[in-house]
Amino acid sequence: MHWTVKVEGGPRRVNHAAVELNGLIYSFGGYCSGEPYEGNEPIDVHVLDTGESFYVLRGRIRYSLTTFYQPTFYFSSFAETYRWRKLNVHCEEPMDTGSSATTQPIITPYQRYGHTVVAYKGKAYLWGGRNDEHGASAQMHIFDPETCSWSLVERNGPCPPARDGHSAVVVDDTMYVFGGFEEESQRFAFELFQLTGVCCKFYRFDAVHPFHRLCAPSFRFSRETYAFDLQTHQWSEIRTTGVAPQWRDFHTACAINNKMYVFGGRSDQLGQFHSSRDLYCDRLKVLDLKTTQWYEPNVTGDRPSGRRSHSAWTHNGRMYIFGGYLGTINQHLGDLYEYDPTASNWRRLYPFGEGPSPRRRQCTVLVNDRLFLFGGTMPRKTAKLDPNESGLSDLSDLYVLDYKPTLKSLAAVAVVENRLYDSSANILPRELRQELMLMTQPNKITLPRHDG
Numbered sequence: 075m076h077w078t079v080k081v082e083g084g085p086r087r088v089n090h091a092a093v094e095l096n097g098l099i100y101s102f103g104g105y106c107s108g109e110p111y112e113g114n115e116p117i118d119v120h121v122l123d124t125g126e127s128f129y130v131l132r133g134r135i136r137y138s139l140t141t142f143y144q145p146t147f148y149f150s151s152f153a154e155t156y157r158w159r160k161l162n163v164h165c166e167e168p169m170d171t172g173s174s175a176t177t178q179p180i181i182t183p184y185q186r187y188g189h190t191v192v193a194y195k196g197k198a199y200l201w202g203g204r205n206d207e208h209g210a211s212a213q214m215h216i217f218d219p220e221t222c223s224w225s226l227v228e229r230n231g232p233c234p235p236a237r238d239g240h241s242a243v244v245v246d247d248t249m250y251v252f253g254g255f256e257e258e259s260q261r262f263a264f265e266l267f268q269l270t271g272v273c274c275k276f277y278r279f280d281a282v283h284p285f286h287r288l289c290a291p292s293f294r295f296s297r298e299t300y301a302f303d304l305q306t307h308q309w310s311e312i313r314t315t316g317v318a319p320q321w322r323d324f325h326t327a328c329a330i331n332n333k334m335y336v337f338g339g340r341s342d343q344l345g346q347f348h349s350s351r352d353l354y355c356d357r358l359k360v361l362d363l364k365t366t367q368w369y370e371p372n373v374t375g376d377r378p379s380g381r382r383s384h385s386a387w388t389h390n391g392r393m394y395i396f397g398g399y400l401g402t403i404n405q406h407l408g409d410l411y412e413y414d415p416t417a418s419n420w421r422r423l424y425p426f427g428e429g430p431s432p433r434r435r436q437c438t439v440l441v442n443d444r445l446f447l448f449g450g451t452m453p454r455k456t457a458k459l460d461p462n463e464s465g466l467s468d469l470s471d472l473y474v475l476d477y478k479p480t481l482k483s484l485a486a487v488a489v490v491e492n493r494l495y496d497s498s499a500n501i502l503p504r505e506l507r508q509e510l511m512l513m514t515q516p517n518k519i520t521l522p523r524h525d526g
């Protein structure tokens, strides 16, 4: 396991969401501190060529990454590896205002953060998230990379309340949504919603203290689970048994063998209501998606601390988490952990190479045996010296963690680390020179820097 690539100059984004479609990484929305995120501005879409895309033209015309409805012949090469592009997405009015009262069809999602996006049969399904003007959304949108356009899923069944900071995983033909921060009744979400291929009855699992009902706040944390059937587009809420995780947002969830593993997130001493008295759970909770029962495994090893706004992914049946923020001690984290569900064991990993700085709110996407990490926010080193300076710096960098680095890729890393690139440029083959350039040359789409 080796960190092999570090490239600057990509989209400067925080709390964005991304998926892999056909070897390309599509990143949706997010924000950069200091920039306005109001109104009906359509969500932006950036795409990264990972070098493993198989959208080579084999007797077919593909659409350009940069121009909608401009057919181009695109042949895969090193020329675009680790390069970001902003898509010119076809938009239709009216925009998504997030309002359930609107009677007009809502096609294109507005710019947002704290949303989720999952991949299913070559398309991206975006749900939830919020912006500063319209708040959170409960609309489901589908992005088709073939036509570079959006479509809207008509609400069918008991749709989860609008929220952000939730998690979403796909198992078979069902997307499962857990937790988050609901807008309709300000509490942490403890529901688990299921978008399933099997028609399910609607059940409500809502443990609310009578005192909290009297308070009638406008927002809440959630701990419910909902399911969305990706074939029938039917929502349903899952009645679970066992002890569910605490109400929380900005946790992570991963699916392994029909089980959903939930870790971390921000909870509150008041349970589902937000009082700014944060709690950070370090216990792993598992939902068996066949029995719909929650349980807590007995874990061994070097267990990670609680955190929120971290990243999690799976590789070869194991779960990995990176980074995040522990608010009780105001610490950004840059550690990497592996959880083996077979042995129920945690261990901290120390990959070779230069890894990312401690951060939170970044994105991670696994493409075959490589993990792509990009964006997020980290503390500014100079903020402690100047009390008038903002304390956080939004990031535009890209890192690649290779689970199975080849001898060629390790040699390329050695050339870069030892600064042999310039001196070796004239003696290396053209293909290798180009590959080294792509590993070191920054992208050029970063927005003007605004730290906050």
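526 is the number that the working numbering gives the last residue of the sequence shown; the numbers go up by one with no jumps.
Even for Gly, the Cβ is constructed at its ideal location relative to N, Cα and C.
Only a predicted model underlies this, so the values are computations on that prediction, with no experimental measurement involved.
Please list the terminal residues of the continuous beta strand (DSSP E) segment that includes residue 527.
In this structure the chain extends from 75 to 526, so residue 527 is not present and cannot be described.
Our contact map puts residue 198 next to residue 121 with C-beta atoms below 8 Å; I'd like the distance itself, whole angstroms only.
Not confirmed; about 11 Å, so no contact.
With distance defined between alpha-carbon atoms, name the residue in 226, 207, 306 and 324 nearest to residue 251.
324
Specify the secondary structure class of residue 98 as computed by DSSP and reduced to three states.
strand
Excluding the 5 residues preceding and the 5 following residue 261 in the sequence, name in chain order all residues of the same chain whose CB lies nearer than 6 Å to its CB.
In this prediction, residue 261 scores a pLDDT of 43, lower than 50, which makes its location untrustworthy; no coordinate-derived value is stated.
So, for residue 519: in the same chain, excluding its five sequence neighbours on each side, which residues have a beta-carbon less than 8 Å away from its beta-carbon?
If we look at residue 519 and ignore the five residues flanking it on each side, its Cβ neighbours are 83, 84, 85, 120, 158, 159 and 160.
Tell me, to the nearest whole angstrom, how far the beta carbon of residue 256 is from that of residue 185; I am working on the premise that it is less than 8 Å.
That pair is no contact at about 21 Å.
Tell me whether the beta-carbon of residue 515 lies closer than 9 Å to the beta-carbon of residue 79.
Between residue 515 and residue 79, the C-beta gap is not smaller than 9 Å, which leaves the two residues out of contact.
Would a C-beta distance cut-off of 9 Å place residue 327 and residue 386 closer than the cut-off?
yes
DSSP three-state call for residue 286: helix, strand or coil?
With a pLDDT of only 37 at residue 286, under the threshold of 50, the placement of this residue in the model should not be trusted; the figure read from the coordinates follows. Helix, per DSSP.
What does a CB cutoff of less than 7 Å around residue 467 pick up in its chain, not counting 5 residues either side in sequence?
451, 452, 454 and 525
Here's a check: name, in chain order, each residue in its chain whose Cβ is nearer than 7 Å to the Cβ of residue 330, leaving out the five neighbours to either side.
388, 391, 393 and 415
For the beta strand (DSSP E) that residue 329 lies in, which residues bound it at each end?
326 to 330
If I follow the unbroken alpha helix (DSSP H) through residue 75, where does it start and stop?
Going by DSSP, residue 75 is part of no alpha helix (DSSP H) at all; its letter is neither H nor E.
Using 9 Å as the threshold, is the C-beta distance between residue 370 and residue 427 below it?
No; because the gap between Cβ atoms is not below 9 Å, this pair is not in contact.
Quick check: the Cα distance between residue 243 and residue 404, rounded to an integer number of angstroms?
The alpha-carbon atoms of residue 243 and residue 404 are separated by roughly 29 Å.
What whole-angstrom Cβ distance do residue 367 and residue 315 have, given they're in contact under 8 Å?
Their Cβ separation, rounded to whole angstroms, is 5 Å, which keeps residue 367 and residue 315 in contact under 8 Å.
Where DSSP assigns a beta bridge to residue 333, which residues make up the other side?
330 and 362
Mind checking residue 311: buried by the 16 CB within 10 Å criterion, or exposed?
buried
Out of curiosity, what's the CA-to-CA distance linking residue 374 and residue 417?
8 Å
Using the C-alpha atoms, what's the distance from residue 237 back to residue 511?
42 Å
Per DSSP, what kind of secondary structure is residue 197 in: helix, strand or coil?
strand
Taking the alpha-carbon of residue 478 as reference, which of 444, 205 and 156 has the nearest alpha-carbon?
444
Is any beta-carbon of chain C found at less than 9 Å from that of residue 517?
Among the protein chains of the structure shown there is no chain C, as only one such chain exists.
Give the DSSP-derived three-state secondary structure of residue 405 in the structure shown.
strand
What span of residues does the alpha helix (DSSP H) with residue 485 cover, start to end?
481 to 491
Along the beta strand (DSSP E) that carries residue 122, what are the first and last residues, could you check?
119 to 123
Do you know offhand how far residue 104's Cα is from residue 308's?
27 Å
How many whole angstroms separate the CB atoms of residue 358 and residue 413, which I take to be in contact at a CB cut-off of 8 Å?
Contact flag correct, Cβ pair sits at about 7 Å.
The beta strand (DSSP E) that contains residue 248, what's its start and end?
248 to 256
Taking 7 Å as the limit between beta carbons, can you name the residues of its chain near residue 377, skipping five residues before and five after?
Excluding positions up to five away in sequence, the list reads 356 and 420.
If we call anything under 9 Å between Cβ atoms a contact, is residue 210 one with residue 202?
Residue 202 sits close to residue 210, with the two beta carbons spaced by under 9 Å.
Which one of 500, 488, 435 and 504 has the shortest CA to CA distance from residue 188?
435
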